[in-house]
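Down below is the structure, laid out as structure tokens.
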Amino acid sequence: MSTKEILSEGELDALMDSVSSGDVPLDNSGDGQSCQPFDFSTREQALLAQMPALKTINEKHSLSLIQSLQELFKVPVEVEPKDIRLVKLEETIVSIAEPSGINLIQVTPLNGVSFVVLSGELLWFFVNQYFGGSSGSSFNSSRVDLTPTERRINDLLLTQFLSGLEAAWLEKISLKTEQVSFESNPDFLQVGSPNELALQFSFAIKVFEWEGSIDWIIPYSSIEPLKSRLGHPILAQKPDQSGVSWEGYFRNKLLSVDLDVSGLYTSKNVSIGEVLNLKEGSIVPLKVPTEVILCIDGQPFYSGEHGVLNGKKSIKIKEIYKN
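Residue numbers 1 to 323, in the numbering used here, belong to the letters of the sequence shown in order.
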């Protein structure tokens, strides 16, 4: 801004006096009623709505967990699948308590690494159940690491969880899971960009009066290529029905496409010197061919004999080239 555009001291005083006296109206253009609330979860809902099969898969997985946990610990277990959430990886990692059984999993053929989280309290509880511990004892939340026994229970639970995961997804896609590494402190996790979107599959576990959860977190970019398989089954069948009519339409249109058909009667190699000596009236001797190559748009497709039919030069096809 140049010095000419700056108000002088006298002009500033006059302006302030006008504002104070009310001579200059203060127009508040920001009308609060014109602001419309925006629900930032709409994008999440829209993305998840494109994959309704995930809910069915989750329910199958929870039923498998009920059976496997009851057989393993010989106690009645309730497993309820929670709503699938689309979250940022950073938010998910921050919410993990320490210590926890954080199992990094490679799921083939999906890209990226997902992780299955079993809280330390859940592992402690099932250790008690597995070895007949007292129900009156409580989990020591001040601990910073898991015990060797809790690590073993983590491996048992993870095996059952992944087995149920593969079985639940089998109808849509065959998955192969493999544990890549293990961590008990979420601060040491390295799982890509913190702002990357991820799908969180949570299962509420209830045994008697005790409640816990198991979480499977997988990058959204890993699931996104499968949206067509995870969509509505009825909609997925429609292209097969409508594709028949479109195929017939294009076939009919292709039959009326014009092509350039030409016959190569003969050819001869000549030198540059002979070409330079050619002039009006020059004669180039050519052999009469016994076979003529028939080309479509410059590409040879047929060969045959040349002759005359109804007073016009014609070719009788003898051989069809297979490209």
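Backbone N, C-alpha and C fix where the C-beta goes; we use that ideal spot for every residue, glycine too.
Computed from a prediction, not measured in an experiment: that's the story for all the values here.
Original post:
Candidates Q67, Y130, Q70 and I317: which alpha carbon is nearest R152's?
Top reply: In the sequence shown, residue 152 corresponds to position 152, counting from 1. The shortest C-alpha separation from R152 is found at Y130.
Original post:
How big is the Cα-Cα spacing for V79 and F250?
Top reply: The residue labelled residue 79 in the question sits at position 79 within the sequence shown. The residue labelled residue 250 in the question sits at position 250 within the sequence shown. Those two C-alpha atoms are separated by around 53 Å.
Original post:
Anyone know if the C-beta pair for F201 and I84 falls short of 7 Å?
Top reply: For the purposes of this step, residue 201 is taken as the residue at position 201 of the sequence shown. For the purposes of this step, residue 84 is taken as the residue at position 84 of the sequence shown. It is a contact, given that the beta carbons lie within the stated cut-off.
Subject >> P52 burial status per 10 Å Cβ neighbour count (16 or more: buried) >> reply: Along the sequence shown, one-based indexing puts residue 52 at 52. Classification of P52: exposed, given that the 10 Å Cβ count is below 16.
**OP:** Might you give, ordered along the chain, the residues of its own chain that have their beta carbon closer than 7 Å to the beta carbon of Y321, omitting 5 neighbours on each side?
**Re:** Walking along the sequence shown from the start, residue 321 turns up at place 321. Within the same chain, Y321 has close Cβ partners P300, F301 and Y302.
**OP:** Could you tell me if P81 is buried or exposed, where buried requires 16 or more neighbouring beta carbons within 10 angstroms of its beta carbon?
**Re:** Here residue 81 refers to the residue found at position 81 of the sequence shown. With 16 or more Cβ atoms within 10 Å of its Cβ, P81 is classed as buried.
Original post:
Can you give the beta carbon distance from E183 to I102, rounded, assuming they're within the 8 Å contact cut?
Top reply: Along the sequence shown, one-based indexing puts residue 183 at 183. Along the sequence shown, one-based indexing puts residue 102 at 102. About 5 Å; that satisfies the 8 Å criterion.
Original post:
To the nearest angstrom, how far is it from the Cα of F115 to the Cα of I218?
Top reply: Position 115 of the sequence shown holds residue 115. Position 218 of the sequence shown holds residue 218. When rounded, the distance between both Cα atoms is 7 Å.
Subject >> Euclidean distance between Cα positions of I283 and Y265 >> reply: The residue you call residue 283 lines up with position 283 of the sequence shown. The residue you call residue 265 lines up with position 265 of the sequence shown. One C-alpha to the other measures close to 17 Å.
Subject >> Own chain, CB closer than 7 Å to N195, minus 5 neighbours either side, in chain order >> reply: Stepping through the sequence shown from its first residue, residue 195 is reached at position 195. Cβ neighbours of N195 beyond the five flanking positions: K88 and E90.
Subject >> Per-residue burial, A97 [other beta carbons within 10 Å of its own, 16 or more giving buried] >> reply: Here residue 97 is taken as the residue at index 97 of the sequence shown, counted from 1. Exposed is the call here.
Subject >> D215 burial status per 10 Å Cβ neighbour count (16 or more: buried) >> reply: Locating residue 215 in the sequence shown gives position 215, counting from the first residue. By the 10 Å Cβ count, D215 comes out buried.
**OP:** Have a look at H61, S221 and F208 and flag the residue whose alpha-carbon is nearest the alpha-carbon of E171.
**Re:** Your numbering for residue 171 matches position 171 in the sequence shown. When each option's Cα is compared against that of E171, the closest is H61.
**OP:** Give the single residue among T290, E305, S267 and E224 whose Cα lies nearest to the Cα of A49.
**Re:** Taking the first residue of the sequence shown as 1, we reach residue 49 at position 49. Checked all of T290, E305, S267 and E224; the closest Cα to A49 is E224.
**OP:** Using the Cα positions of L54 and G248, report the straight-line distance between them to the nearest angstrom.
**Re:** Within the sequence shown, the letter at position 54 stands for residue 54. Within the sequence shown, the letter at position 248 stands for residue 248. Going by the C-alpha atoms only, they are around 36 Å apart.
Original post:
Between which two residues does the beta strand (DSSP E) carrying L86 extend?
Top reply: Against the sequence shown, residue 86 aligns to sequence position 86. L86 -> beta strand (DSSP E) spans R85 to K88.
Subject >> Sub-7 Å separation of L254 and I296 beta-carbons >> reply: Numbered from 1 along the sequence shown, position 254 holds the residue referred to as residue 254. Numbered from 1 along the sequence shown, position 296 holds the residue referred to as residue 296. Result no, Cβ atoms of L254 and I296 do not sit closer than 7 Å.
Original post:
What are the start and end residues of the beta strand (DSSP E) that includes G307?
Top reply: Start at 1 with the first residue of the sequence shown, and residue 307 comes out as number 307. Its beta strand (DSSP E) spans residues Q299 to L309.
Subject >> Option nearest V144 by Cα separation, candidates P186, S181, L63 and E71 >> reply: Translated into positions along the sequence shown, residue 144 becomes position 144. Closest by alpha carbon: P186.
Original post:
Would N154 be called buried (16 or more neighbouring beta carbons within 10 Å of its own) or exposed?
Top reply: Residue 154 sits at position 154 when you count from the first residue of the sequence shown. When all chains shown are included, N154 counts as buried.
Original post:
Between which two residues does the beta strand (DSSP E) carrying E219 extend?
Top reply: Within the sequence shown, residue 219 is the residue found at index 219, counting from 1. Note that residue 219 corresponds to Pro in the displayed sequence, not to Glu. First-last of the beta strand (DSSP E) with P219: W210 to P219.
Subject >> Whether V75 touches L175 by CB criterion (7 Å) >> reply: Taking the first residue of the sequence shown as position 1, residue 75 is located at position 75. Taking the first residue of the sequence shown as position 1, residue 175 is located at position 175. Cβ atoms of V75 and L175: not closer than 7 Å.
**OP:** Tell me whether A198 is buried or exposed, calling it buried when 16 or more other Cβ atoms sit within 10 Å of its Cβ.
**Re:** As a position in the sequence shown, residue 198 is number 198, starting the count at 1. The residue is buried, with at least 16 neighbouring Cβ atoms inside 10 Å.
Original post:
Taking the DSSP output, what are the residues bridged to L294?
Top reply: In the sequence shown, the residue the question calls residue 294 occupies position 294. DSSP lists G263 and Y302 as partners of L294.
Original post:
Residues in its own chain within less than 7 Å of F73 by CB, not counting five upstream and five downstream?
Top reply: Residue numbering aside, residue 73 sits at position 73 when the sequence shown is read from its first letter. F126, Q129 and Y130.
Original post:
Any idea what DSSP makes of N195, helix, strand or coil?
Top reply: As a first step, residue 195 is located in the sequence shown; it is residue number 195 there, counting from the start. N195 falls in the coil class under three-state DSSP.
Subject >> Same chain, Cβ closer than 7 Å to S181, five either side skipped, listed in chain order >> reply: Numbered from 1 along the sequence shown, position 181 holds the residue referred to as residue 181. Counting only Cβ-Cβ distances below 7 Å, and skipping sequence neighbours, we find L104.
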